[in-house]
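The listed protein sequences correspond, in order, to chains A, B and C. For the first sequence, counting from 1, position 111 maps to 111 in my numbering; every step adds exactly one. For the second sequence, counting from 1, position 29 maps to 29 in my numbering; every step adds exactly one. For the third sequence, counting from 1, position 116 maps to 116 in my numbering; every step adds exactly one.
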Amino acid sequence: MWLQSAINLSPRTKGFHLVTDDIVEKLPDLAKLKVGVAHFFIKHTSASITINENADPTVRMDMESHFNYYVPENQIYYQHDYEGPDDMPAHIKASLLGSSVSIPIHNGHLALGIWQGIYLGEHRYNATSRTIIVTLNGE
Amino acid sequence: MWLQSAINLSPRTKGFHLVTDDIVEKLPDLAKLKVGVAHFFIKHTSASITINENADPTVRMDMESHFNYYVPENQIYYQHDYEGPDDMPAHIKASLLGSSVSIPIHNGHLALGIWQGIYLGEHRYNATSRTIIVTLNGE
Amino acid sequence: MWLQSAINLSPRTKGFHLVTDDIVEKLPDLAKLKVGVAHFFIKHTSASITINENADPTVRMDMESHFNYYVPENQIYYQHDYEGPDDMPAHIKASLLGSSVSIPIHNGHLALGIWQGIYLGEHRYNATSRTIIVTLNGE
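Have a look at this one:
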């Protein structure tokens with residue numbers, strides 16, 4: 001069984017955001033699958049999707065601090081800055097963190113670990129909404 | 001055909017560990033699939049799974065040195081340190097390296113390159129066993 | 001439906017290269033799938049595959065500058081340097097960027113965002129051709 005849909009996430013501030021519930025509530029069909037894989041793909045090159053700790057908001061804040069420190073704005077070697085100082089860092093972060101996550105499906109649920117959640121990495125200051133293509137495959 | 005199982009990897013020291021054989025020996029059903037994709041998902045946010053060189057142990061040592069250098073402990077901006085100086089670095093490494101790998105299946109085997117193996121990235125000093133959900137899909 | 005093939009990419013210079021068209025033109029069967037997931041796996045540990053901006057060549061140049069700066073050659077802690085100063089940095093970049101990408105299939109096409117393309121990260125100075133295993137699964 002294949003189920004594919006587009007989910008729009010409302011605009012977020014620059015940083016990391018826990019979006020597991022925002023996504024799962026739009027996937028009622030997940031309950032139909034006993035076993036499978038759920039694929040989440042973000043259709044943007046200045047935002048990312050990753051899996052990390054779902055409980056303490058300071059983890060998301062520290063992630064943002066770290067990626068800003070190691071992927072700084074205004075590096076002397078940047079040539080691509082059409083859209084401001086956050087432009088090229090956003091592209092680099094997108095590849096470091098990734099454009100998709102795949103999560104096993106088990107008995108109608110995402111088989112995440114107890115501390116795992118899905119993060120949206122929003123790497124632009126003035127972001128619009130972000131589209132995620134969800135493809136569920138299983139039986 | 002869908003085959004899903006949980007594999008427990010015994011506790012490892014902090015660092016990168018080649019675990020291809022530990023995993024494949026627990027997947028006798030792999031032989032039944034002519035074509036497909038094998039998905040390996042680690043249910044933890046302070047360990048990671050990645051693919052890298054399978055021959056020289058110094059690659060794993062250099063990986064550990066590099067990730068410790070560029071994801072240091074005790075950064076002034078860390079707020080999340082409940083579980084010690086390795087806590088927040090472990091979360092960052094988990095997202096940099098990733099929580100899953102997908103490998104093509106070809107004629108009953110993982111279609112890895114000749115030099116490729118599966119690495120467990122153990123990012124905590126005192127780790128417990130780690131659980132990997134393996135989902136095989138193919139025909 | 002499962003379709004698997006090996007694509008050889010001709011040798012590239014060290015850096016990031018947009019290879020979407022090189023790959024898609026070798027996948028005529030993509031048109032047969034209304035919904036699915038396309039999996040691209042590079043069988044090497046000194047090259048990577050990632051998704052990023054498909055329009056401005058300076059993005060690829062800035063990516064190369066950034067990864068060279070933060071994954072430098074000749075770090076004092078490298079032990080693995082059999083094949084020259086680009087040896088260990090290539091392995092680290094392979095794990096940072098990843099060995100595979102998965103892209104949703106929608107109505108016979110890769111459901112990439114308008115600005116997204118597939119990058120080959122070539123991390124060696126003197127590279128040979130690179131093999132990518134493509135596995136298309138869908139209906």
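Yeah, the Cβ is synthetic: ideal placement off N, Cα and C, and Gly gets one too.
Problem set entry | Euclidean distance between Cα positions of D81(C) and I92(B) | 27 Å
Exercise. Are P89(C) and P72(C) closer than 8 Å when you measure CB to CB?
Worked result: yes
Problem set entry | Beta carbon proximity, G138(A) to chain B, threshold 8 Å | yes
Problem set entry | Within chain B, the residues that N52(A) reaches when beta carbons sit closer than 7 Å | T45, H91, A94 and S95
Problem set entry | C-beta neighbour in chain E for M63(B), strict 8 Å | Absence of chain E from the displayed structure is noted, the protein chains being A, B and C.
For this session: Would you mind working out which of H39(A), S65(A), A6(A) and A111(A) sits nearest G121(A), comparing C-alpha positions?
Result: Closest in alpha carbon position to G121(A), among H39(A), S65(A), A6(A) and A111(A), is S65(A).
Problem set entry | Beta-bridge partners of E25(A), as assigned by DSSP | None, per the DSSP bridge assignment.
Problem set entry | Contained alpha helix (DSSP H) runs [length at least 4] in the stretch 34–98 of chain A, N- to C-terminal order | 57–70 and 87–97
Problem set entry | Residues, ordered as in the chain, of the stretch 69–87 of chain A that lie near chain C by beta-carbon distance below 8 Å | So the list reads Y70, V71, Q75, Y77, Y78, Q79, H80 and Y82, given in the order they occur along the chain.
Exercise. Along chain A, which residues have their Cβ under 8 Å away from the Cβ of I103(C)?
Worked result: Contact of I103(C) with chain A by beta-carbon distance below 8 Å involves F41 and S100.
Exercise. Which residues in the same chain as E139(A) place their Cβ atom closer than 8 Å to its Cβ, once the five residues preceding and following it in sequence are excluded?
Worked result: M1, L33, K34, V35 and G36
Problem set entry | Residues near G15(B) by beta carbon distance below 7 Å, same chain, minus five either side | R60, E64 and E122
Exercise. What residues match up with N126(C) in a beta bridge as DSSP calls it?
Worked result: BP columns for N126(C) are empty, so no partner.
Exercise. Residues in its own chain within less than 6 Å of H109(C) by CB, not counting five upstream and five downstream?
Worked result: none
Exercise. Does the Cβ-Cβ distance between D29(C) and L136(C) come in under 8 Å?
Worked result: yes
Exercise. Mind pulling the chain C residues with CB within less than 7 Å of H109(B)?
Worked result: Under the 7 Å cutoff, chain C gives no residues; its nearest Cβ is about 12 Å from H109(B).
Exercise. Closer than 8 Å, CB to CB, is T128(C) near chain B or not?
Worked result: no
For this session: Rounded to whole angstroms, what's the CA-CA distance from A47(A) to I51(C)? Just pull it up for me.
Result: 11 Å
Problem set entry | Listed by chain order, chain A residues near I118(B) by CB distance under 8 Å | Going along chain A, no residue has its Cβ under 8 Å from I118(B), so there is no contact; the nearest lies around 15 Å.
For this session: Name, in chain order, the residues that DSSP records as bridge partners for S100(B).
Result: Residue pairing by DSSP places S100(B) opposite F41(B) in a beta bridge.
Problem set entry | Beta-carbon proximity check, Y70(B) vs Y70(C), cutoff 8 Å | yes
Problem set entry | Min CB distance L112(A) to chain B below 8 Å | Proximity of L112(A) to chain B, defined by a Cβ-Cβ separation below 8 Å, is satisfied.
For this session: Using a cut-off of 7 Å between C-beta atoms, extract the partners of W115(C) located in chain A.
Result: The contacting residues are T45.
Exercise. If you measure from the beta carbon of I133(B) to each beta carbon in chain A, is any gap under 8 Å?
Worked result: yes
For this session: Identify every residue that forms a DSSP beta bridge with N8(A).
Result: T131(A)
Exercise. Are there 16 or more other CB atoms within 10 angstroms of the CB of G84(B), so buried, or fewer, so exposed?
Worked result: By the neighbour-count rule (16 or more Cβ atoms within 10 Å), G84(B) is not buried but exposed.
Exercise. Would you say the beta carbon of K93(C) comes nearer than 7 Å to a heavy atom of the ligand NAP?
Worked result: The model on display carries no ligand, and the ligand NAP is accordingly not part of it.
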